[in-house]
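Taking the numbering used here, the leading residue of the sequence shown gets 74, the next gets one more, and so forth. Where a beta carbon is used, it is the ideal one built from N, C-alpha and C, also for glycine. Keep in mind that this is a model prediction, so the values were computed, not measured. Written below as C-alpha cells is the structure these notes are about.
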Amino acid sequence: MSSALSSHPPSDPTTPRSHALTLVRIALPLALSQLSEMAMGVTDTVLLGGLGVTELAIGGLSSTFFFTTMVTFQAVLGGAGVLLSHGRGAQDHGRTSHDGRSVMSATLALAIAVFIPCALLLAFSKTIFTSIGEPAEVITHGSRFIDILLLSLLPDLAVIGVLRVALPALGAETLLLWIMPAMAICNGLTNAALIHGWAGLPAMGLYGSATATTLTGWVVSFALFGLCLTHERVRAVLKPAPVQWAVMKDLLKLGGPMMMGAAAEILMFQITSLRAGELGTHSLAAHQVAVNVSSLLFMVCLAIGQATNVRVAYWRGAGRMEQGRRAALTGIGIVLMWSLATSSLLLLWPEKILPLYFSNRAPDPETTALVVTLLKIAGLYQIADGLQCVFSGALRGCGDAVTPMLIAVASYGLVGLVFGGWLAFHQHVGVEGLWIGMALALATTCVAFGIRLLRVMRKPVPATS
Numbered sequence: 074m075s076s077a078l079s080s081h082p083p084s085d086p087t088t089p090r091s092h093a094l095t096l097v098r099i100a101l102p103l104a105l106s107q108l109s110e111m112a113m114g115v116t117d118t119v120l121l122g123g124l125g126v127t128e129l130a131i132g133g134l135s136s137t138f139f140f141t142t143m144v145t146f147q148a149v150l151g152g153a154g155v156l157l158s159h160g161r162g163a164q165d166h167g168r169t170s171h172d173g174r175s176v177m178s179a180t181l182a183l184a185i186a187v188f189i190p191c192a193l194l195l196a197f198s199k200t201i202f203t204s205i206g207e208p209a210e211v212i213t214h215g216s217r218f219i220d221i222l223l224l225s226l227l228p229d230l231a232v233i234g235v236l237r238v239a240l241p242a243l244g245a246e247t248l249l250l251w252i253m254p255a256m257a258i259c260n261g262l263t264n265a266a267l268i269h270g271w272a273g274l275p276a277m278g279l280y281g282s283a284t285a286t287t288l289t290g291w292v293v294s295f296a297l298f299g300l301c302l303t304h305e306r307v308r309a310v311l312k313p314a315p316v317q318w319a320v321m322k323d324l325l326k327l328g329g330p331m332m333m334g335a336a337a338e339i340l341m342f343q344i345t346s347l348r349a350g351e352l353g354t355h356s357l358a359a360h361q362v363a364v365n366v367s368s369l370l371f372m373v374c375l376a377i378g379q380a381t382n383v384r385v386a387y388w389r390g391a392g393r394m395e396q397g398r399r400a401a402l403t404g405i406g407i408v409l410m411w412s413l414a415t416s417s418l419l420l421l422w423p424e425k426i427l428p429l430y431f432s433n434r435a436p437d438p439e440t441t442a443l444v445v446t447l448l449k450i451a452g453l454y455q456i457a458d459g460l461q462c463v464f465s466g467a468l469r470g471c472g473d474a475v476t477p478m479l480i481a482v483a484s485y486g487l488v489g490l491v492f493g494g495w496l497a498f499h500q501h502v503g504v505e506g507l508w509i510g511m512a513l514a515l516a517t518t519c520v521a522f523g524i525r526l527l528r529v530m531r532k533p534v535p536a537t538s
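As C-alpha cells, this is what we get:
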C-alpha cells in the first residue's frame with residue numbers, strides 16, 4: 074500500500090461530535106458543488122427562454138438527454154471512492170488494501186472505456202428522438218445540440234467524473250468548492266456571450282448554449298486537474314501506474330451495480346416526466362416545479378449520503394466497524410434533521426414556494442392547486458428519500474452494491490412506474506397518482522435498504538478487507 078493515501082493525523086477522533094463534524098466537513102463542499110451544477114441548468118434555461126419557447130424546448134430536451142445519459146454511465150466510477158476511502162483507513166491502521174495509484178489508474182481506464190458506449194448512444198440522438206415522436210424541428214436541432222455537447226464528454230467523464238468521486242475519499246473535497254461555483258459563473262457568462270453575441274463574439278443562438286457548456290467543461294477539467302496537482306495526497310495518487318485487473322474487477326463489482334441502480338432511479342423520474350406531459354400542460358408544469366424543488370432539497374441529502382459512504386468505507390478499511398456504525402448513525406441523525414425541516418416546509422407552507430417560480434404573474438388556479446398538492450406529496454417522502462440516500466451510502470461503504478441495485482430496480486420499476494402509472498391512468502388519479510407511486514417507491518427502497526444495512530453491518534470485517 075502506497076503511503077500516498079495516508080491521513081494526517083494517523084487516526085481520527087471517534088467521539089459523536091467528531092463524527093458529526095467530519096461528515097459535515099465532507100458533505101458541505103459536496104452539497105455546494107452540486108447546487109452550483111444545478112445553478113448551471115437554471116441559468117441555461119433562463120437564457121434559452123429569452124430566445125423563445127421552441128429554443129427552450131429543444132435545449133431543455135437535449136441537455137436533459139445528454140446529462141442524464143452521462144450521469145448514468147458516470148455512476149460506474151463510484152466504486153473508486155469506496156476503494157480509496159477503504160485504502161486510507163487500511164493505511165492508517167496498518168492493514169492491507171489496494172494501492173491508491175493503482176485505483177486511480179484503473180478508474181481512469183474505466184472512464185475512458187465507458188466513454189465509448191456513452192458517446193455511441195448520444196450519437197444516435199436523432200434516431201432516438203425520432204422513435205419517441207418528437208417534432209422534426211426538435212429532431213434536427215436537438216441532435217446537432219447534442220453533437221456539440223459530445224465534444225466535452227471525454228473530460229466530463231475522465232477528469233471531472235473521476236475527480237468528483239476521488240477527492241472526497243482522499244480528504245480533498247474542498248478542491249471541488251474552489252472550482253464548481255466558478256464553473257457555474259463561467260458557464261453563465263459564456264452562455265450569455267455566445268447566445269447573444271456579447272463582447273464581439275458571434276451570436277450563435279441555441280447552439281451558443283451548447284458551445285458554451287462544452288467550453289466550460291474543458292476549462293473546468295484543466296482547472297480542477299491543475300488545482301489537484303497542488304494537493305500533496307491527490308498529486309501522489311495521480312502519478313501513472315499500471316492498470317491491475319484485480320483493481321478493475323473490484324471497481325466493476327461495485328460500480329456496475331451502482332450504475333444499474335442509478336439508471337433505475339433516473340429512468341423512473343424521466344418516464345414520470347413524460348407521463349406527466351401526457352396528462353396535459355397543467356400537470357406537466359406542476360410536475361416540473363415540484364421536481365425542481367425536491368431535487369434542490371435532495372442535493373443536501375445526497376451530499377450527506379456521499380460523506381457517509383466515505384467514512385464507513387474508511388472505518389471498514391481500518392477494521393473498526395464499530396466506528397463505521399457510529400459514522401452511519403451520525404449520518405442518519407444529520408439527514409433526519411434536514412429532512413424533518415424540509416418536510417415541514419413543504420407540508421405547511423407549499424404556497425410560499427410558488428412566487429419563486431411564477432414571479433411575473435400568478436399561475437392559473439388549476440396549476441396552483443396541482444403544484445401545492447405535489448409539493449405536499451414531496452413533503453411526505455422527504456424523510457424516506459433522505460434516509461435511503463444515507464443507507465445507500467453506508468451500504469456501498471461496506472462494499473455491498475448488488476443487493477441495493479436489485480432493491481432499487483424492483484422498487485423504482487414495480488412500485489414507482491407500474492403502480493404509479495396504474496393510479497394515474499387506470500384509476501384516473503392524474504399526476505398525483507404518478508407522485509404517489511414515486512413516494513411509495515422511495516419509502517419501499519428506504520425500508521429495504523435499512524433492513525439490508527442492519528444485516529451487513531453485523532458482519533465481521535476480514536483481516537485484509
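Practice task
Measure the alpha-carbon distance for residue 253 versus residue 183 and round it to whole angstroms.
Solution key: Locating residue 253 in the sequence shown gives position 180, where the first residue counts as 1. Locating residue 183 in the sequence shown gives position 110, where the first residue counts as 1. Distance between the alpha carbons of residue 253 and residue 183 is about 24 Å.
Practice task
Go to residue 117, then tell me how far its alpha helix (DSSP H) extends in each direction, as first and last residue.
Solution key: Along the sequence shown, one-based indexing puts residue 117 at 44. First-last of the alpha helix (DSSP H) with residue 117: 89-122.
Exercise for the section: Identify, in the order they occur along the chain, each residue of the same chain with its Cβ nearer than 8 Å to the Cβ of residue 287, setting aside the five sequence neighbours on each side. Expected result: On the sequence shown, residue 287 is found 214 positions in, with the first residue counted as 1. Contacts found: 221, 222, 224, 225.
Handout entry: Own chain residues within Cβ distance below 6 Å of residue 460, not counting five before or after
Key = Residue numbering aside, residue 460 sits at position 387 when the sequence shown is read from its first letter. The answer, listed in chain order, is 519.
Practice task
Express the C-alpha separation of residue 132 and residue 215 in angstroms, rounding to a whole number.
Solution key: Within the sequence shown, the letter at position 142 stands for residue 215. Within the sequence shown, the letter at position 59 stands for residue 132. For the pair residue 215 and residue 132, the Cα-to-Cα distance works out to about 7 Å.
Handout entry: Classification of residue 437 by the beta-carbon crowding that lies within 10 angstroms, buried from 16 upward
Key = Here residue 437 corresponds to residue number 364 of the sequence shown, with the count starting at 1. It counts as exposed.
Practice task
Give the DSSP-derived three-state secondary structure of residue 190 in the structure shown.
Solution key: Numbered from 1 along the sequence shown, position 117 holds the residue referred to as residue 190. Residue state for residue 190 is assigned as helix, using DSSP reduced to three classes.
Exercise for the section: Check whether the Cβ atoms of residue 464 and residue 526 sit closer than 7 Å, and answer yes or no. Expected result: For the purposes of this step, residue 464 is identified with residue 391 of the sequence shown, where counting begins at 1. For the purposes of this step, residue 526 is identified with residue 453 of the sequence shown, where counting begins at 1. Going by C-beta atoms, residue 464 is nearer than 7 Å to residue 526.
Exercise for the section: Could you round the C-beta distance between residue 188 and residue 150 to whole angstroms and report it? I think they count as a contact, below 8 Å. Expected result: Here the question's residue 188 lines up with position 115 in the sequence shown. Here the question's residue 150 lines up with position 77 in the sequence shown. No, residue 188 and residue 150 are not in contact; Cβ-Cβ is about 11 Å, not under 8 Å.
Problem - Proximity winner among 387, 249, 372, 363, relative to residue 299 (alpha-carbon distances) - result: Working through the sequence shown from its first residue, we reach residue 299 at position 226. Restricting attention to 387, 249, 372, 363, the CA atom closest to the CA of residue 299 is found in 249.
Problem - Backbone CA spacing between residue 138 and residue 533 [nearest angstrom] - result: Position 65 of the sequence shown, counted from the first residue, corresponds to residue 138. Position 460 of the sequence shown, counted from the first residue, corresponds to residue 533. When only Cα atoms are considered, residue 138 and residue 533 end up about 43 Å apart.
Exercise for the section: Write down the C-beta distance between residue 404 and residue 376 rounded to the nearest angstrom, noting that I regard them as a contact closer than 8 Å. Expected result: Locating residue 404 in the sequence shown gives position 331, where the first residue counts as 1. Locating residue 376 in the sequence shown gives position 303, where the first residue counts as 1. Contact flag wrong, Cβ pair sits at about 10 Å.
Exercise for the section: Would you mind sorting residue 84 into buried or exposed? The rule is 16 or more other CB atoms within 10 Å of its CB. Expected result: Indexing the sequence shown from 1 puts residue 84 at position 11. Confidence at residue 84 is low in this model, with a pLDDT of 45, below 50, so its placement is unreliable and no value can be given for it.
Practice task
Take residue 452 and list the residues in its own chain whose beta-carbon comes closer than 7 Å to its own, dropping the five residues that flank it on each side.
Solution key: As a first step, residue 452 is located in the sequence shown; it is residue number 379 there, counting from the start. Cβ within range, chain order: 416, 419, 420.
Handout entry: Three-state secondary structure assigned by DSSP to residue 171
Key = On the sequence shown, position 98 is the one that residue 171 refers to. Under the three-state reduction of DSSP, residue 171 is assigned to coil, being neither helix nor strand.
Exercise for the section: Just the C-alpha distance for residue 277 and residue 115, rounded to the nearest angstrom, thanks. Expected result: Reading the sequence shown from its first residue, position 204 is the one you call residue 277. Reading the sequence shown from its first residue, position 42 is the one you call residue 115. Rounded to whole angstroms, residue 277 to residue 115 spans 19 Å at the Cα level.
Handout entry: residue 148 versus 317, 427, 511, 466, residue with shortest Cα-Cα distance
Key = Counting from 1 along the sequence shown, the entry for residue 148 is found at position 75. Just measuring C-alpha positions, the residue of 317, 427, 511, 466 sitting nearest residue 148 is 466.
Exercise for the section: Leaving out five residues on either side along the sequence, give the residues of the same chain with a beta carbon under 6 Å from the beta carbon of residue 281. Expected result: Residue 281 sits at position 208 when you count from the first residue of the sequence shown. Once the five neighbours on either side are set aside, the close Cβ partners of residue 281 are 267, 268.
Practice task
Please specify which runs of the alpha helix (DSSP H), each continuous and at least 4 residues long, are wholly inside the stretch 140-167, giving them in chain order.
Solution key: Listed in chain order, the complete alpha helix (DSSP H) runs (minimum 4 residues) inside the stretch 140-167 are 152-165.
Handout entry: Cβ contact check for the stretch 236-248 and the stretch 99-109: 3 or more pairs under 8 Å
Key = Yes: at least three Cβ pairs fall under 8 Å.
Problem - Of the residues 233, 90, 163, 195, the one placed nearest residue 110, counting alpha carbons only - result: For the purposes of this step, residue 110 is taken as the residue at position 37 of the sequence shown. Closest option to residue 110, judged by alpha-carbon separation, among 233, 90, 163, 195: 233.
Practice task
In angstroms with no decimal places, state the Cα-to-Cα distance between residue 76 and residue 394.
Solution key: Along the sequence shown, one-based indexing puts residue 76 at 3. Along the sequence shown, one-based indexing puts residue 394 at 321. Note on residue 76: pLDDT 47, under 50, position unreliable in the model; no value is reported.
Practice task
Rank 328, 118, 317 by C-alpha distance to the C-alpha of residue 260 and give the top, closest one.
Solution key: Taking the first residue of the sequence shown as 1, we reach residue 260 at position 187. Ranking the options by Cα distance to residue 260, first place goes to 118.
Exercise for the section: Reducing DSSP to helix, strand and coil, say where residue 244 ends up. Expected result: Sequence index remark: in the sequence shown, residue 244 carries index 171 (1-based). It is coil, neither helix nor strand.
Handout entry: Rounded separation between residue 205 and residue 199 - CA only
Key = Working through the sequence shown from its first residue, we reach residue 205 at position 132. Working through the sequence shown from its first residue, we reach residue 199 at position 126. So the alpha carbons of these two residues sit roughly 10 Å apart.
Handout entry: Run of the alpha helix (DSSP H) containing residue 451, from where it starts to where it stops
Key = Position 378 of the sequence shown, counted from the start, is the residue given in the question as residue 451. 438-470 is the span of the alpha helix (DSSP H), which, as asked, contains residue 451.
Exercise for the section: Could you pull the start and end residues of the alpha helix (DSSP H) that residue 212 belongs to? Expected result: Mapped onto the sequence shown, residue 212 falls at position 139. In this chain, the alpha helix (DSSP H) harbouring residue 212 covers 209-222.
Practice task
Identify the continuous alpha helix (DSSP H) that holds residue 407 and give its terminal residues.
Solution key: Residue 407 sits at position 334 when you count from the first residue of the sequence shown. Here the alpha helix (DSSP H) through residue 407 covers 394-421.
Practice task
Could you give the DSSP three-state label for residue 323: helix, strand or coil?
Solution key: Your numbering for residue 323 matches position 250 in the sequence shown. The three-state secondary structure of residue 323, taken from DSSP, is helix.
Problem - Cβ-Cβ distance between residue 504 and residue 496 below 7 Å - result: The sequence position of residue 504 within the sequence shown is 431, counting from 1. The sequence position of residue 496 within the sequence shown is 423, counting from 1. With contacts defined as CB atoms closer than 7 Å, residue 504 and residue 496 fail to qualify as a contacting pair.
Handout entry: Rounded distance between the beta-carbons of residue 155 and residue 386, thought under 8 Å
Key = As a first step, residue 386 must be located in the sequence shown, where it is residue number 313. As a first step, residue 155 must be located in the sequence shown, where it is residue number 82. 5 Å between Cβ atoms; contact.
Exercise for the section: Tell me where the alpha helix (DSSP H) around residue 389 begins and ends. Expected result: The sequence position of residue 389 within the sequence shown is 316, counting from 1. Annotation for residue 389: the continuous alpha helix (DSSP H) segment containing it runs 354-390.
Practice task
For the stretch 168-183 and the stretch 306-323, state whether three or more C-beta atom pairs, one from each stretch, are separated by less than 8 Å.
Solution key: Touching, yes, given that three or more Cβ pairs across the two stretches are closer than 8 Å.
Exercise for the section: Over the uninterrupted alpha helix (DSSP H) stretch that includes residue 518, give me the two end residues. Expected result: As a first step, residue 518 is located in the sequence shown; it is residue number 445 there, counting from the start. Looking at the DSSP string, the run of the alpha helix (DSSP H) that includes residue 518 is 504-529.
Problem - Cβ neighbours of residue 227 in the same chain (closer than 7 Å, five flanking residues each side left out) - result: What you label residue 227 is simply residue 154 of the sequence shown in a count that begins at 1. Here residue 227 has 188 as same chain residues with Cβ atoms under 7 Å from its own Cβ, once five neighbours each way along the sequence are excluded.
Problem - Proximity of residue 328 and residue 470 at Cβ, strictly below 7 Å - result: The count along the sequence shown starts at 1 and reaches residue 328 at position 255. The count along the sequence shown starts at 1 and reaches residue 470 at position 397. No; because the gap between Cβ atoms is not below 7 Å, this pair is not in contact.
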